[in-house]
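Take a look at the structure set out below.
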Amino acid sequence: MPLPELRVDSSRMLADFNDLAFIGATEQGGVSRLALSNEDLQARAWLADRFMDAGLIVQDDDAGNLSGILPASEPNARTLLIGGHLDSVPNGGRYDCSLGLLTALEAVRTISEAGLKLPVNLEIIDFTDEEGCWQSLFGSRALTGVFAYSTNGDEERDEGPFRAALFRAGIHPGDIYRARRDPATIAGYLELHIEQGHRLEQAGMDIGVVTGIVGRTTYRMTFQGQAAHSGTTPTAERRDALRGAASYITRAFQMVEEQFPKAVLNCGNVIVEPGAFNIIPARARLTVECRHIDRERLSLLEAALTDLAKTVASEHRLDISIHQAVNMPVAHMHDTMIEVIRAASDHLGLQSMPLISYAGHDAQIISGFTRTGMIFVPSLGGRSHTPSEHTEWRYVEQGANVLLHTILRVAQGHKP
Ligand SMILES: [Zn+2]
């Protein structure tokens, strides 16, 4: 059967985009729709209305994931999930938190209006708390069954407010496990997202075909020294926690640049105590994050970063404690999905290139559960998680058409 020459309705999708951008709109032109906030719940209600307008079956699960479903021709068909998220970071952009779902909605509406009966159910799904306001990738973790309520690795966080937010959104913590789906019922997962970098823009490409998502490991490191009078304690006798931490930061970046050129490192925060002009710092608490696309190199980098912390601590006569907070494994997109997205782009006369994602996505979790593919569209200047985040609308339209034709190809190639 030849594939139908469908195209999405770009102006209808743009009207939806503008509507949705009102919900949680900020003065700077961005949006704040933190997961489980009033704005997030309002956006979900808006999306549920759009699902109903499109004649889709509206459904939610015990983790608050919201779905709109176009049923297959057969009753026991498997389901192709097409995902995204409505939640944003504080004062984020309008594209990150909307394009996945808006392009999925438009693609499925187009298929539905054409009267096509596919051998798979098409399920558009809004995942709860992708951004990690409470716990990152919460909804996709719940769906794939890798969610564990107590393993956010952040022993300093009070779970009370999270539980309260869950309850307010109608999610009962004890029932979250019920959101787990059987992978045998799933035909695959697709997601369109902005690139959040500027490789497509620099290469003059229309579409990024994601091949993998970097693994990410984070640490809380505490350098412990001794508080003392900063005037009367000789330099050689000091146990200065901040000097140790500062030396660590400098040397860690140097090491990554020299030995792990494909990795990225971030030291995002240092908290120094007691924190006064005239007291030698007793304690410096440092947050460290590293990312790499290669599993083995990431393990080597992890070992190198923790070894270096121990070395620097002993050189400065400090005690060190290292707590690993997050360990997100490297994810690979499925070869079939990569090939199908590339073929759909070629078919539409678009220029595509393979890309690694340096940012985390629900696809990262789901790639271990079902065959997964991701489509990137260009981000102006690579800007993301800021109100100035922008993607030219023609790229959104092109991406939606690639998603549409990817769905058709995946469905056609699907053996029930
Ligand atoms: Zn996102």
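Numbering (our numbering), first residue to last: 444 to 859.
Don't be surprised by glycine CBs; every beta carbon is placed ideally from N, CA and C.
Note that the structure is predicted; figures quoted are calculated from it, not measured.
- Between Q667 and L761, the gap from beta carbon to beta carbon is short of 8 Å.
- Taking the Cβ atoms as the reference, N709 lies roughly 30 Å from S673, outside the contact range of under 8 Å.
- Taking 3 residues as the minimum length, the beta strand (DSSP E) runs contained wholly in the region 445-508 are 500-503, in order along the chain.
- Beta-bridge pairing by DSSP links N770 to T660.
- D459 sits buried, since 16 or more C-beta atoms from the chains shown fall within 10 Å of its C-beta.
- Remark: three or more beta-carbon pairs, one from each stretch, lie closer than 8 Å, so the region 674-690 and the region 727-744 are flagged as touching.
- In the displayed model, R606 falls within a helix according to three-state DSSP.
- A distance criterion of 7 Å places the beta-carbon of E482 beyond contact range of ligand 1, judged by its closest non-hydrogen atom.
- When beta bridges are read from the DSSP output, F666 appears opposite A727, I763.
- Placement of the Cβ of E638 at a distance of 7 Å or more from every heavy atom of ligand 1 is found.
- CA-to-CA, the gap between D789 and V755 works out to about 52 Å.
- A check of alpha carbon separations from Q841 across G711, G640, H636, T829 identifies H636 as the nearest.
- A506 has its alpha-carbon roughly 28 Å from the corresponding atom of H766.
- Checking the DSSP bridge columns, you'll see P797 partnered with V652.
- In the structure shown, D618 falls within a helical segment according to DSSP collapsed to helix, strand and coil.
- With distances taken between CA atoms, L544 lies nearest to D530 out of E556, A557, D530.
- Residue burial annotation: M664 is buried, with at least 16 other C-beta atoms found within 10 angstroms of its C-beta.
- Only residues of its own chain outside the window of five on either side were considered, and among them none has a CB closer than 6 Å to the CB of E470.
- Within its own chain, the residues whose Cβ lies closer than 7 Å to the Cβ of S555, once the five positions on either side in sequence are excluded, are A497, G498, L513, listed in chain order.
- Per the Cβ contact rule, the region 562-572 is not in contact with the region 810-826 (fewer than 3 Cβ pairs under 8 Å).
- For D649 against Y838, the beta-carbon gap comes to about 7 Å, under 8 Å, which counts as contact.
- Residue burial annotation: Q645 is exposed, with fewer than 16 other C-beta atoms found within 10 angstroms of its C-beta.
- With 16 or more other CB atoms across the displayed protein chains lying within 10 angstroms of its CB, H759 is buried.
- With a beta-carbon spacing of about 6 Å, I808 and T587 fall inside the 8 Å limit used to define contacts.
- Take G718, set aside five residues on each side of it, and the residues of its chain with a beta-carbon closer than 8 Å to its own are P724, in chain order.
- For G582, there is no enclosing beta strand (DSSP E); the residue is part of the alpha helix (DSSP H) that begins and ends at 581-587.
- Sixteen is the threshold: since fewer than 16 other Cβ atoms of the shown chains lie within 10 Å of the Cβ of D492, the residue is exposed.
- Annotation: the region 694-762 contains the following complete segments of the beta strand (DSSP E) (minimum length 3 residues), in chain order: 707-716, 726-735.
- In the structure shown, Y538 falls within a coil segment according to DSSP collapsed to helix, strand and coil.
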